[in-house]
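Asker:
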Amino acid sequence: MKMKKNDILLTALLISSLAGYAQNGVPPTIEVTGTATLNIVPDRISIEIGMEEYYKHKPLGDSVVVKLADIENNVRKTFRDAGVSDSLIEVSDMGNYRDRGVSATLLMAKRLSATVSDFSQIEYISEKLDRKGISTFNIVNAENSEMTQFNRQGLESALDAARTKAEYIAEKEGLEITAPYEITETTNEPSGYSLFSNEECTPSDKI
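In the numbering used here, the protein residues as written are 71 to 277.
1. So Leu-130 and Met-178 are in contact, right, with Cβ under 8 Å, and what is the actual spacing, rounded?
2. Could you give the residue range of the alpha helix (DSSP H) that holds Leu-108?
3. With a cut-off of 8 Å, do at least 3 Cβ pairs link the region 212 to 225 to the region 146 to 160?
4. Taking 7 Å as the cut-off, decide whether the C-beta atoms of Ser-190 and Asp-113 are in contact.
5. Measure the alpha-carbon distance for Ala-236 versus Ile-110 and round it to whole angstroms.
6. Alpha carbon to alpha carbon, how far is Asp-151 from Asp-163?
7. What residue range does the alpha helix (DSSP H) around Arg-222 cover?
8. Output yes or no for whether 7 Å exceeds the beta carbon distance between Thr-148 and Lys-180.
9. What are the boundary residues of the beta strand (DSSP E) that Ala-249 is part of?
10. Which complete alpha helix (DSSP H) runs does the region 121 to 207 hold, if anything under 4 residues is left out?
11. Just checking: is the beta-carbon of Ser-116 within a distance shorter than 7 Å of some beta-carbon in chain B?
12. Decide if Asp-77 is buried, meaning its Cβ has at least 16 other Cβ atoms within 10 Å, or exposed.
13. State the beta-bridge partners of Ile-211 as determined by DSSP.
14. Relative to the alpha-carbon of Gly-203, which residue among Asn-143, Thr-107 and Glu-101 has its alpha-carbon at the smallest distance?
15. Given a threshold of 16 other Cβ atoms within 10 Å of its Cβ, counted over all protein chains shown, does Lys-276 qualify as buried or as exposed?
16. Would you mind stating whether Val-154 and Ala-184 have Cβ atoms separated by less than 7 Å?
17. Roughly how many whole angstroms lie between the Cα atoms of Val-136 and Lys-128?
18. Measuring only the C-alpha atoms, how far is Asp-132 from Gly-165?
19. Look at Glu-122 and Ser-205 and say whether their C-beta atoms are less than 7 Å apart.
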């Protein structure tokens, strides 16, 4: 699941002595930070499978190269069985190098990228895929098509957390908040990955 974190810096105006405000020219304020973390289930997951030709040994001791086309056909069949159409599969790389210390024959390699809609498809592919000829299997990207909506939801939750903290501090100090003085979005870290599904608000404060 993809984790999205939003931070809001809120500065709230407080009712206080107007005389004190007039003397120093600085409005009495409380400054708090509200944080909201949303774990979002991706609905567009890109996976990449690397393939490489390999030697298949026959009973009499001879060996033949299993061609890249045969390996790819098996991979594409597994994709189709998992509900991934050919239109969602593309070649991301092709080629290889020859390790003369291992073989004088150049074994071709290829990478296929595909887009799936949920993790159950990935689990099916990883379970049914023939391991022979497969060199890599990676998730390269995960995103949700409704990220704009989730961003808005995260910002609203962060703002609510900051407002609640400011109101609590003001109440303890015997003051009253008149209005927000300044609101700043301070989110500056990339999205990460989480195996958990929850939402938490962990505001901190600075007076």
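C-beta: ideal position from N, C-alpha, C; glycine also. Bear in mind the structure is a predicted one, so any value in this text is a computation, not a measurement.
Answerer: Taking the definition as stated:
1. So it is not a contact: roughly 26 Å between Cβ atoms.
2. No alpha helix (DSSP H) contains Leu-108, which is instead part of the beta strand (DSSP E) from 99 to 110.
3. no
4. no
5. 28 Å
6. 23 Å
7. 217 to 242
8. no
9. 247 to 255
10. 138 to 151 and 189 to 198
11. In summary, chain B is missing from the structure at hand, where a single protein chain is found.
12. buried
13. The question names Ile, but residue 211 is Asn in the sequence shown. Paired residue(s): Ser-116.
14. Asn-143
15. Residue placement at Lys-276 is flagged as unreliable, the pLDDT there being 35, under the threshold of 50; the coordinate-derived value follows with that caveat. With fewer than 16 other Cβ atoms within 10 Å, it is exposed.
16. yes
17. 12 Å
18. 26 Å
19. yes
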